[in-house]
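Asks: Shown below is the structure under consideration.
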Amino acid sequence: MNRADLIVGLQWGDEGKGKIVDHMAQKYDVVCRFAGGHNAGHTIVTDGNKYALHLIPSGVLNPKARNIVGNGVVLSPADFIEEMSQFDYLEGRLFVSDKAHLLLPYHALIDQALEKLKGDKAIGTTGKGIGPAYGDKIARVGHRIGELLHPEKLTAKIMHHFEENRAIFDAIEIKKPDEQTLLEELKGYKRHLEPFIVDTTQLVWRILQSGERMLLEGAQGTMLDIDHGTYPFVTSSTTVSAGACSGLGLNPKDIGKVTGIAKAYCTRVGNGPFPSEDFCEDGKLIREKGHEFGTTTGRPRRCGWFDAVAMRHAVRINGVDQVALMKLDVLDGFEEIKVCVAYEFEDKQIDYVPYDLEDVKPVYQSFPGWQTSKGVRSFDALPDTAKSYIEALEKMIGTKMGIISTSPDREDTIIR
Ligand code: GDP
Ligand code: IMO
Ligand code: MG
-5 MNRADLIVGL QWGDEGKGKI VDHMAQKYDV VCRFAGGHNA GHTIVTDGNK YALHLIPSGV
55 LNPKARNIVG NGVVLSPADF IEEMSQFDYL EGRLFVSDKA HLLLPYHALI DQALEKLKGD
115 KAIGTTGKGI GPAYGDKIAR VGHRIGELLH PEKLTAKIMH HFEENRAIFD AIEIKKPDEQ
175 TLLEELKGYK RHLEPFIVDT TQLVWRILQS GERMLLEGAQ GTMLDIDHGT YPFVTSSTTV
235 SAGACSGLGL NPKDIGKVTG IAKAYCTRVG NGPFPSEDFC EDGKLIREKG HEFGTTTGRP
295 RRCGWFDAVA MRHAVRINGV DQVALMKLDV LDGFEEIKVC VAYEFEDKQI DYVPYDLEDV
355 KPVYQSFPGW QTSKGVRSFD ALPDTAKSYI EALEKMIGTK MGIISTSPDR EDTIIR
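This note's numbering applies: residue -5 is where the sequence shown begins, and numbers increase by one.
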């Protein structure tokens, strides 16, 4: 029986998972998403073309790989169908779990209304309806993709859901859908999606049994995990490697090599604690040089320095075997590069992630910068100070950086 290798974000998302999944997908037969929804935005640049994927696994650009959307995902049929329209070769290459949960337009309206009500306490969600869709799932009032195959029945259930929750929908001014319009909408989803809906649990078991190679693509990042992130400023799913098991129907013994993805610095989009955020010129420069604007919402990302404390936490939680260090080239030209090596918390220095990151202050160590790493494709060809920086990070987090990325392009990737 083969094992499935796993890619997982180690920071606050947008680490460059899409690039690495696409790069690695050349060696895999199947790529699977296991959590999140179209809050994710995974960018792939190849041969000068740029793709932004939200729900379709990043293996789609490899003409040989098949792609699976697992039961742990919340799926908006409208957005999924639109994303699918970029590709004309998906039948037989894309499979969607019948147990994935439906994310419908009213989930997005609830998300946006609740954020508005929170005012300055808002989470800064993507507004896509992720929290309300997972909320319905956990409250056991959600609807699953498999139900799309019976649109009449599903329409009746959704209408009943609106009736039952009328007081809430009224309070946030969300209108009950017109029954006939809803039915037509669901029939349209069924027409587009029926050929792709399968029992993906059986499918992933058969794939591993047959000896095919499978890669699991995480979304978001460890610090956005519902349990292990900076709650409540997190997303609503299990983003860490453990989520790959429940989100696909695998068991821990099915998991092989875990590659954690991290930028050579840190970013976060949305609200919540971010100890190594840089509010001065350096933060702005990182944002400009790294084009740090959200793939999904276009929002500017908050920028700062590599956080070795949060990274050690992430390496342990995910069982990381190797780290892919991304966007090294963005630090080109900085005279001084800082790394957060500890936190100051309640008048003490600590080297772990406490209950709440809100009140910690970063303790920095400085490293000399370098001029050019952009496009470099071998470790030896990197400037000496860049090599020293990478080696120092490896020591701090106790894990090898087996992949280093020096531009958005698939080919500009150092494998050590
Ligand atoms: P993901 O959500 O983890 O897949 O990451 P995103 O796609 O949201 O954000 C990463 C951004 O960085 C994308 O625009 C990538 O094209 C870009 N990128 C990835 N690797 C590198 C790199 O090594 N250097 C530079 N300059 N950009 C990169
Ligand atoms: P990828 O897969 C970065 C953030 C949002 C917000 C919080 C909750 O591209 O790395 P949600 O809409 O999920 O309820 O928002 O999570 N967030 C992400 N940040 N990358 C992502 O995905 C994200 N998905 C959600 O900005 O702070
Ligand atoms: Mg992203």
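The beta-carbon is built from N, C-alpha and C at its ideal position, and this holds for glycine as well. Quantities reported herein were computed from a predicted structural model and do not represent experimental measurements.
Going by alpha carbons, who is nearest to L69 out of G42, H222, L351 and R27?
Replies: That would be R27, whose Cα lies nearest to the Cα of L69.
Asks: DSSP three-state call for Y358: helix, strand or coil?
Replies: Three-state result, Y358: strand.
Asks: Please classify K251: does DSSP put it in a helix, a strand, or coil?
Replies: DSSP places K251 in strand when its eight states are reduced to three.
Asks: Label H285 either buried or exposed according to how many other C-beta atoms from any shown protein chain fall within 10 Å of its C-beta, with 16 as the threshold for buried.
Replies: Exposed, by the Cβ-count rule.
Asks: If we ignore side chains and look at the alpha-carbon of each, how far apart do K147 and N61 end up?
Replies: Using only the alpha carbons, I get a separation of about 29 Å.
Asks: Which whole-angstrom value describes the C-beta separation of Y22 and L209, a residue pair presumed to lie in contact below a C-beta threshold of 8 Å?
Replies: About 4 Å separates the two Cβ atoms, so the contact holds.
Asks: Look at the alpha carbon of K247 and the alpha carbon of M(-5), and state the distance between them as a whole number of angstroms.
Replies: In a straight line, the C-alpha of K247 is about 10 Å away from that of M(-5).
Asks: Which two residues bound the contiguous beta strand (DSSP E) that contains V333?
Replies: Residues E330 to F339.
Asks: In angstroms, rounded to a whole number, what distance separates the CA positions of Q343 and F227?
Replies: Approximately 24 Å, taken between the alpha carbons.
Asks: So does W199 have its beta carbon nearer than 7 Å to some heavy atom of the ligand IMO?
Replies: Checking every heavy atom of the ligand IMO against the Cβ of W199, none is found closer than 7 Å.
Asks: If you measure between the beta carbons of G7 and G241, is that distance less than 8 Å?
Replies: Result no, Cβ atoms of G7 and G241 do not sit closer than 8 Å.
Asks: Are V54 and L187 touching if we call contact CB-CB under 8 Å?
Replies: No; because the gap between Cβ atoms is not below 8 Å, this pair is not in contact.
Asks: Whose C-beta lies closer than 8 Å to the C-beta of E206 among residues of the same chain, with five residues either side of it excluded?
Replies: Correct list, in chain order: N(-4), D23 and V24.
Asks: Going by DSSP, which residues form a beta bridge with A318?
Replies: Beta-bridge pairing links A318 to I255 and I397.
Asks: Run through DSSP, which three-state label would N312 get?
Replies: Looking at N312 - three-state DSSP - the assignment turns out to be helix.
Asks: Using the rule of at least 16 other Cβ atoms within 10 Å of the residue's Cβ for burial, across every protein chain shown, is L325 buried or exposed?
Replies: Classification of L325: buried, given that the 10 Å Cβ count is 16 or more.
Asks: Using only Cβ atoms and a threshold of 5 Å, which residues come within that distance of a heavy atom of the ligand MG? Order them by chain position.
Replies: Those residues, listed in chain order, are D8, G35 and T289.
Asks: Look at the Cβ atom of S401, then the Cβ atom of G369, and state whether they are nearer than 8 Å.
Replies: Yes, these two residues count as a Cβ contact at 8 Å.
Asks: Which runs of the alpha helix (DSSP H) at least 4 residues long sit entirely within the segment -4 to 25? Give them in chain order.
Replies: DSSP runs (the alpha helix (DSSP H)) wholly in the segment -4 to 25: 11 to 19.
Asks: State buried or exposed for K122, treating a residue as buried only when at least 16 other CB atoms are found within 10 Å of its CB.
Replies: With 16 or more Cβ atoms within 10 Å of its Cβ, K122 is classed as buried.
Asks: From A(-2) to K251, what distance separates their C-alpha atoms?
Replies: Distance between the alpha carbons of A(-2) and K251 is about 7 Å.
Asks: What does DSSP give as the partner residue(s) for M390 in the beta ladder?
Replies: DSSP output for M390 lists no bridge partner at all.
Asks: Which residue comes first and which comes last in the alpha helix (DSSP H) that contains H186?
Replies: Where H186 is concerned, the enclosing alpha helix (DSSP H) stretches over E173 to L187.
Asks: In angstroms, rounded to a whole number, what distance separates the CA positions of V303 and L387?
Replies: About 11 Å.
Asks: Are the Cβ atoms of F74 and L96 separated by less than 8 Å?
Replies: Going by C-beta atoms, F74 is not nearer than 8 Å to L96.
Asks: State the start and end residues of the unbroken beta strand (DSSP E) segment that holds T261.
Replies: Counting along the chain, the beta strand (DSSP E) containing T261 begins and ends at C260 to R262.
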